[in-house]
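What follows is one structure encoded as structure tokens, with my remarks underneath.
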Amino acid sequence: MIVIESVAQMQEFARQRRGEIALVPTMGYLHEGHASLMVEARNRAKTVVVSIFVNPTQFGVNEDLDSYPRDFERDRKVASAAGVDVIFAPRAAEMYPAGYQSYLNVEGLTTELCGASRPGHFRGVTTVVAKLFNIVMPAVAIFGKKDFQQLAVIRRMVRDFNFDVEIVGMPIVREADGLALSSRNARLTPEQREPALCLSRSIAAARDAFRGGERSVAVLRRKALALIERESVAELDYLEFRDQDTLLPLQTADERTLLALAVRVGSVRLIDNTVLGEE
-19 MIVIESVAQM QEFARQRRGE IALVPTMGYL HEGHASLMVE ARNRAKTVVV SIFVNPTQFG
41 VNEDLDSYPR DFERDRKVAS AAGVDVIFAP RAAEMYPAGY QSYLNVEGLT TELCGASRPG
101 HFRGVTTVVA KLFNIVMPAV AIFGKKDFQQ LAVIRRMVRD FNFDVEIVGM PIVREADGLA
161 LSSRNARLTP EQREPALCLS RSIAAARDAF RGGERSVAVL RRKALALIER ESVAELDYLE
221 FRDQDTLLPL QTADERTLLA LAVRVGSVRL IDNTVLGEE
């Protein structure tokens, strides 16, 4: 496994392997969820590239850019164990040099859910992913479904801008207690860990009711919300039932309905989701 920090060097490497690269874009502090994406990438392409870049343009004012967990040596070990060929780890000044002023924005899908509470977030996401596609030149890119809205936005960007890359979404990987794996979990204190389970528990409550025949979004939302309101340190950002393609709100749920939620536990913002008809 090699580490590349230069955009020019990464592009030269990619040109020599055009058509055989699978990319796993990450912000580092890798965990088993990331590793599952790397394993899938290994199954799909001859060369696996993992990008590690804490992208400043997707963080808003007073968000956790400075405190976002970083541990490159740990990341190197996780990537190596998963069979990664290249870590692309550019510095911010390499990706956004002096005078940088170009951004890519997807409208519509970015105005709701996380986009409503994090203005400008998805502009930063689509900009950096577009740059990564141009630098790494992957045939396929692997993303996790925990960031469901992000995945929908990237798929729309790829269609609208005719990027020649296949987008693959992989299932959420959870810890033994049900908490969706996230780099931000490392910032939870021991006292916050139990309250943080309200996200997965609220999803389970809604899914149980749906499987029992309930189709009213209002009723399903009340059942899910009750699990969050029980935790005094949990502050709801949103809990929504949406069409998984358009992300538009629904009044009646079906098997393709997306339940997505974001909750702050102390200073840590956590997200989770499920599609009600999926196992």
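Using this note's numbering, you'd call the opening residue of the sequence shown number -19 and step up by one each time.
Cβ coordinates follow ideal geometry from the N, Cα and C atoms, glycine included.
None of these values were measured; they are calculated from a predicted model.
Starting from the C-beta of residue i, find all residues in its chain whose C-beta is less than 7 Å away, skip the five residues before and the five after it, and write them out in chain order.
i: Ile1; result: Ala(-6), Ala25, Thr27, Val29, Val116, Met117, Pro118, Ala119
i: Arg236; result: Gln224, Val255, Gly257
i: Pro36; result: Leu45, Ala72
i: Phe190; result: Leu200, Ala233, Leu256
i: Leu131; result: Phe123, Lys125, Gly149
i: Lys203; result: Ala185, Ala186, Ala189
i: Ala(-2); result: Going by the sequence as given, residue -2 is Arg instead of Ala. Cβ neighbours of Arg(-2) beyond the five flanking positions: Met117.
i: Phe128; result: Leu238, Ala240, Asn253
What's the C-alpha gap between residue i and residue j?
i: Val245; j: Ala176; result: 6 Å
i: Val325; j: Ala121; result: Absent from the model: residue 325. The displayed extent of the chain is -19 to 259, so no value can be given.
i: Val19; j: Gly63; result: 7 Å
i: Glu53; j: Asp65; result: 16 Å
i: Pro151; j: Ser162; result: 13 Å
i: Phe143; j: Val197; result: 36 Å
i: Glu211; j: Ala186; result: 17 Å
i: Lys126; j: Arg98; result: 17 Å
i: Val109; j: Gln231; result: 33 Å
i: Pro170; j: Val58; result: 24 Å
i: Thr6; j: Leu17; result: 10 Å
i: Glu146; j: Arg136; result: 12 Å
i: Thr226; j: Leu179; result: 23 Å
i: Gln38; j: Gly100; result: 7 Å
i: Ser47; j: Gly158; result: 25 Å
Run through DSSP, which three-state label would residue i get?
i: Ala160; result: strand
i: Leu70; result: Checking the sequence, you will find Pro at residue 70 rather than Leu. Here Pro70 sits in coil by DSSP.
i: Arg(-5); result: helix
i: Pro5; result: strand
i: Leu45; result: coil
i: Leu256; result: coil
i: Ser16; result: helix
i: Ala166; result: helix
i: Pro21; result: Here residue 21 is Ala; the residue named in the question, Pro, does not match the sequence. Here Ala21 sits in helix by DSSP.
i: Thr237; result: strand
i: Glu53; result: helix
i: Gly95; result: helix
Would residue i and residue j be called neighbours here (beta carbons separated by less than 7 Å)?
i: Thr107; j: Val86; result: no
i: Val133; j: Thr91; result: no
i: Glu271; j: Pro70; result: Since the displayed the chain opens at -19 and closes at 259, residue 271 lies outside it and no answer follows.
i: Leu267; j: Tyr218; result: The structure shown does not extend to residue 267, since the chain is modelled only from -19 through 259, so no value can be given for it.
i: Asp55; j: Gly88; result: no
i: Ala160; j: Asp252; result: yes
i: Leu238; j: Arg222; result: yes
i: Ile67; j: Val138; result: no
i: Val243; j: Ala214; result: yes
i: Ala156; j: Pro49; result: no
Starting from the C-beta of residue i, find all residues in its chain whose C-beta is less than 6 Å away, skip the five residues before and the five after it, and write them out in chain order.
i: Arg103; result: Tyr83, Asn85
i: Arg195; result: Thr232, Ala233
Is it the case that the CB of residue i approaches a heavy atom of the ligand MN more closely than 6 Å?
i: Thr237; result: The ligand MN is not part of this structure, which contains no ligands at all.
Might you give, ordered along the chain, the residues of its own chain that have their beta carbon closer than 8 Å to the beta carbon of residue i, omitting 5 neighbours on each side?
i: Ala61; result: Ala15
i: Met(-19); result: Arg56, Ala59, Ser60, Val64, Asp65, Val66, Ile67
i: Ile183; result: Ala204, Leu239, Leu241, Asp252, Asn253, Thr254
*Which whole runs of the alpha helix (DSSP H) in the stretch 104 to 140 are 4 residues long or more, in chain order?*
128 to 140
_Secondary structure, beta strand (DSSP E): runs of 3+ residues fully inside the stretch 170 to 231_ = Within the stretch 170 to 231, the complete beta strand (DSSP E) segments at least 3 residues long are 214 to 223, listed from N- to C-terminus.
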